[in-house]
Amino acid sequence: MAHEYPEKKVESRSRIWLRRLWGALPILVLIAVIMVLASMIKSKTDRLDAAKKGLQSLQGMQRAAAEMDRVVAALKGADDQNHAVEILSDELDFTEDQAKAVLHMPLSSLVRFERDRLAGQIDYVEKQIAAKKLDMPHAPPDVNVVTLALAPAGISDRINLPGVVEPWIKYNVVAEVRGQVTDKRVEKGAHVREGDIIVVLDTRDYEIALDAARASFNTALASKRRIEKLYQEQLASRSQLDDITAQVERFKAEVDSAELNLSRCTIRSPISGVINNIHIDRGQYLNFADPVAEVMQTDRLKVNVGIPESDVAAVRAVDDFEVRIDALNGRVFNARKYFLARASDPKARLYALEVEIDNPEEEILPDMFARVEIVKSEVHDALAVPLYAIISINDAQTVYVLSDGAARARTISTGIQEGWMMQVTEGLAPGDQVIVVGHRRVSDGQRVNVVRTVDDMADL
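In structure tokens:
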């Protein structure tokens with residue numbers, strides 16, 4: 301008798317997979333939880349490491365700011381602009397042009413502001429690390445900034461070229477006859493007028509020579525009169541009369557020469573000016589062409605400047621210039637164009653320009669360094685911002701403007717530049733407050749804390 305077996309219930313394949321998945325679900329959930337926790341731990345660790353690295357970077361920047369503070373202190377003790385350029389070249393490896401551009405910036409204020417900012421950020425990060433508050437992202441703190449309130453003002457495009465001051469006339473006085481110095485009438489630094497006596501030489505030899513020449517002349521003149529009388533009586537020939545006439549003229553020339561040599565024993569100033577140097581003293585014997593003194597006219601001066609070919613057209617168009625003398629605390633003097641060369645120097649490829657300066661008080665001295673400023677164009681009601689306040693964002697010139705307590709990026713167009721100020725032709729309006737300090741630490745829409753507003757960059 302055949303056995304009967306109970307009929308097995310056939311389970312569908314989908315139900316089998318569902319049952320298996322349900323059984324593995326706790327394991328999958330556990331794995332997911334572990335992965336999330338690991339990700340959170342790694343994210344926290346990464347942020348902590350990033351904060352520590354950021355702290356090290358800020359501390360390095362703080363040390364750099366302290367070093368820059370030392371350089372600024374050295375610049376304050378510089379003797380002149382050239383000394384300051386040398387300091388920047390030695391300390392920071394700046395080129396001469398970079399150094400001169402940096403000297404126009406308010407370095408002391410910028411370095412002090414940067415140093416204070418770094419100290420605040422370092423303190424903030426240290427507190428965050430110590431308190432372990434890196435579990436969730438924090439909003440960046442408000443950035444301290446300084447703003448410039450824009451107002452229309454004049455700005456000009458200027459060529460600034462170096463030059464050297466020279467006396468209007470410099471005359472080297474030399475001896476024109478030989479002789480011993482018997483009298484010296486002036487010393488170095490004395491003011492003289494044209495014709496004033498500088499030195500007197502011993503005249504005795506020249507007086508004797510003049511007396512001899514006059515005696516010979518008088519004898520020849522008497523002989524000529526006798527021969528003329530004999531010639532009229534036909535007792536002397538025409539040739540005898542011609543010979544004696546020639547002798548009279550020769551002796552007359554000797555008298556003139558002797559008188560000239562005697563007058564040259566008194567050496568006079570050829571121009572009105574200042575005795576810059578005197579090379580002789582009493583008792584000294586002078587030969588022909590020996591130097592006696594150097595006389596300079598300094599109540600009127602000229603500045604020699606080399607003009608590049610690209611600026612010749614601008615120089616031709618103006619007659620008046622401004623000359624800045626660094627040795628006189630940067631004082632500016634008015635000057636007039638005197639001469640512009642028609643051909644360039646073959647070596648330097650520069651065109652020589654001479655400008656004339658009146659110097660009645662003789663404040664400016666020859667050989668002083670000067671800078672000649674030539675105004676190419678001028679705008680009287682321009683808006684201008686510091687050159688360093690302009691940053692490039694997506695190849696566009698951009699500044700940050702204060703708006704409702706936040707920094708807002710503005711794309712601008714620029715015009716002419718004067719020093720380190722740049723004209724803004726589009727993008728800004730009078731009254732806008734442009735961020736000029738702290739602008740490189742903000743982003744569009746970021747909240748800022750205005751610690752100061754200035755109307756003029758000179759206030760920084």
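Counted the way the numbering used here counts, the sequence shown spans residues 301 to 760. Each residue gets a CB set at the ideal place from its N, CA and C atoms; glycine is no exception.
- Item | Bridge partner(s) assigned by DSSP for F588 | Taking the sequence shown and counting its residues from 1, one reaches residue 588 at position 288. Answer is none; F588 lacks a bridge partner.
Using a Cβ-Cβ cutoff of less than 6 Å, which residues in the same chain neighbour V574 once the five nearest sequence positions on both sides are dropped? Working through the sequence shown from its first residue, we reach residue 574 at position 274. Counting only Cβ-Cβ distances below 6 Å, and skipping sequence neighbours, we find H491, M596, T598.
Let me check one thing: in DSSP terms, what residues is Y651 bridge-paired to? As a first step, residue 651 must be located in the sequence shown, where it is residue number 351. Note: Y651 sits in a beta bridge opposite I607.
- Query: First and last residue of the alpha helix (DSSP H) that includes S523?
  - Reply: As a working mapping, residue 523 is identified with position 223 in the sequence shown. Per DSSP, S523 belongs to the alpha helix (DSSP H) from 504-532.
V474 and V555 closer than 8 Å at C-beta: In the sequence shown, the residue the question calls residue 474 occupies position 174. In the sequence shown, the residue the question calls residue 555 occupies position 255. Not a contact, by the Cβ cut-off of 8 Å.
Exercise for review: Give every residue of the same chain whose Cβ lies closer than 6 Å to the Cβ of M335, excluding the five residues on either side of it in the sequence, and list them in chain order.
Suggested key: The sequence position of residue 335 within the sequence shown is 35, counting from 1. Low per-residue confidence applies at M335: pLDDT is 48, beneath 50, and the placement is therefore not dependable, though the value from the model is reported in the following sentence. Taken in chain order, the list of residues that qualify is empty.
Using the rule of at least 16 other Cβ atoms within 10 Å of the residue's Cβ for burial, across every protein chain shown, is Y585 buried or exposed? The residue you call residue 585 lines up with position 285 of the sequence shown. With fewer than 16 Cβ atoms within 10 Å of its Cβ, Y585 is classed as exposed.
Q. Given a threshold of 16 other Cβ atoms within 10 Å of its Cβ, counted over all protein chains shown, does D581 qualify as buried or as exposed?
A. Indexing the sequence shown from 1 puts residue 581 at position 281. By the 10 Å Cβ count, D581 comes out exposed.
Going by DSSP in three states, T698 sits in which element: helix, strand or coil? Locating residue 698 in the sequence shown gives position 398, counting from the first residue. Strand, per DSSP.
Limits of the unbroken alpha helix (DSSP H) element including L562
Residue numbering aside, residue 562 sits at position 262 when the sequence shown is read from its first letter. Start and end: 538-563.
**Report entry** Cβ distance (whole Å) where V499 is taken to contact V477 below 8 Å
**Finding:** Against the sequence shown, residue 499 aligns to sequence position 199. Against the sequence shown, residue 477 aligns to sequence position 177. Rounded, the Cβ-Cβ distance is 11 Å, inconsistent with contact.
Practice task
Return the CA-CA distance between P608 and G463, expressed in angstroms with no decimal places.
Solution key: Here residue 608 is taken as the residue at index 308 of the sequence shown, counted from 1. Here residue 463 is taken as the residue at index 163 of the sequence shown, counted from 1. Roughly 13 Å separates the two Cα atoms.
| task | Starting from A635, trace the beta strand (DSSP E) both ways and give me its first and last residue. | result | To locate residue 635, count along the sequence shown from 1; it is residue 335. 631-640 is the extent of the beta strand (DSSP E) around A635.
Using CA coordinates, which residue listed in H579, A509, D416 is at the minimum distance from L560? Position 260 of the sequence shown, counted from the first residue, corresponds to residue 560. Closest by alpha carbon: A509.
TODO: Please name the residue in L728, R550, V672, S743 whose C-alpha comes closest to that of I693.
DONE: The residue given as residue 693 occupies position 393 in the sequence shown. Nearest C-alpha to I693: S743.
| query | If you draw a straight line from the alpha carbon of S713 to that of Y688, how long is it in whole angstroms? | reply | The count along the sequence shown starts at 1 and reaches residue 713 at position 413. The count along the sequence shown starts at 1 and reaches residue 688 at position 388. About 15 Å.
| query | DSSP on V679, reduced to helix/strand/coil? | reply | The count along the sequence shown starts at 1 and reaches residue 679 at position 379. Reduced to three states, the DSSP call for V679 is strand.
Look at D759 and A451 and say whether their C-beta atoms are less than 8 Å apart. Here residue 759 refers to the residue found at position 459 when the sequence shown is read from its first residue. Here residue 451 refers to the residue found at position 151 when the sequence shown is read from its first residue. Not in contact: D759 and A451 (Cβ atoms no closer than 8 Å).
- Task: Using 10 angstroms around the beta-carbon of G495, count the other beta-carbons present and answer buried if the total reaches 16, otherwise exposed.
- Result: Counting from 1 along the sequence shown, the entry for residue 495 is found at position 195. The residue is exposed, with fewer than 16 neighbouring Cβ atoms inside 10 Å.
Taking its Cβ as the centre, do 16 or more other Cβ atoms sit within 10 Å of I664, making it buried, or is it exposed? In the sequence shown, residue 664 corresponds to position 364, counting from 1. Result: buried.
- Task: Measure the alpha-carbon distance for R504 versus E528 and round it to whole angstroms.
- Result: Counting from 1 along the sequence shown, the entry for residue 504 is found at position 204. Counting from 1 along the sequence shown, the entry for residue 528 is found at position 228. Approximately 36 Å between the Cα atoms of the pair.
Review point. How big is the Cα-Cα spacing for G377 and N629?
Key: Residue numbering aside, residue 377 sits at position 77 when the sequence shown is read from its first letter. Residue numbering aside, residue 629 sits at position 329 when the sequence shown is read from its first letter. Roughly 14 Å between the two C-alpha positions.
Using 8 Å for Cβ pairs, my map puts V446 next to G738. What's the rounded Cβ distance? By 1-based counting over the sequence shown, the position of residue 446 is 146. By 1-based counting over the sequence shown, the position of residue 738 is 438. V446 to G738, Cβ: 7 Å. Contact.
Original post:
Given A520, which residues of its chain have a CB within under 6 Å of its CB, disregarding the five upstream and five downstream residues?
Top reply: Here the question's residue 520 lines up with position 220 in the sequence shown. Excluding residues within five positions, the ones whose Cβ falls inside 6 Å are Q547, V548, F551.
Q717: which of I690, V655, I544 sits nearest, CA to CA?
Against the sequence shown, residue 717 aligns to sequence position 417. Of the candidates I690, V655, I544, the one whose C-alpha sits nearest the C-alpha of Q717 is I690.
**Message:** Could you give the first and the last residue of the continuous alpha helix (DSSP H) run that contains R616?
**Reply:** Mapped onto the sequence shown, residue 616 falls at position 316. Counting along the chain, the alpha helix (DSSP H) containing R616 begins and ends at 612-616.
Q) Should V605 and V672 be called a contact, given that it needs their Cβ atoms to be closer than 8 Å? A) As a first step, residue 605 must be located in the sequence shown, where it is residue number 305. As a first step, residue 672 must be located in the sequence shown, where it is residue number 372. The answer is yes: Cβ separation under 8 Å.
Less than 8 Å between C-beta atoms, sequence neighbours within five positions excluded: which residues of the same chain meet that for R600? If you number the sequence shown from 1, residue 600 lands on position 300. W468, E656, I657, D658, N659.
**Request:** Go ahead and pull the three-state DSSP assignment for Q480.
**Result:** Here residue 480 corresponds to residue number 180 of the sequence shown, with the count starting at 1. Strand, per DSSP.
*Sequence-distant residues of the same chain with beta carbon closer than 6 Å to T698, five excluded per side*: Here residue 698 is taken as the residue at index 398 of the sequence shown, counted from 1. Once the five neighbours on either side are set aside, the close Cβ partners of T698 are I691, A709, T711.
**Message:** With H, G and I counted as helix, E and B as strand and the rest as coil, what does DSSP make of I691?
**Reply:** As a working note, residue 691 is residue 391 in the sequence shown. I691: strand per DSSP, three-state reduction.
| request: Determine the direct distance from the alpha carbon of A670 to that of A643, and round the result to whole angstroms. | output: As a position in the sequence shown, residue 643 is number 343, starting the count at 1. As a position in the sequence shown, residue 670 is number 370, starting the count at 1. C-alpha separation (whole angstroms): 23 Å.
### Task
Evaluate A419 with the Cβ neighbour count: other Cβ atoms within 10 Å of its Cβ, from every protein chain shown; 16 or more gives buried, anything less gives exposed.
Translated into the one-based positions of the sequence shown, residue 419 becomes position 119. It counts as exposed.
So for M436, helix, strand or coil by DSSP? As a working mapping, residue 436 is identified with position 136 in the sequence shown. With a pLDDT of 48 at M436, under the threshold of 50, the modelled position of that residue is not reliable, and the figure given next carries that caveat. Correct three-state label for M436: coil.
| Buried or exposed: where does L321 fall if 16 or more other Cβ atoms within 10 Å of its Cβ makes it buried? | Counting from 1 along the sequence shown, the entry for residue 321 is found at position 21. For L321, the pLDDT reaches just 42, beneath the cut-off of 50, and the residue's location in the model is therefore unreliable, leaving the point undetermined.
Notebook entry, point to check: How is A324 classed by DSSP in three states: helix, strand or coil?
Noted result: In the sequence shown, counting from the first residue as 1, residue 324 sits at position 24. Caution applies to A324, whose pLDDT of 44 falls short of 50 and renders its modelled position unreliable; the value that the coordinates give is listed next. The answer is helix: DSSP assigns A324 an H, G or I state.
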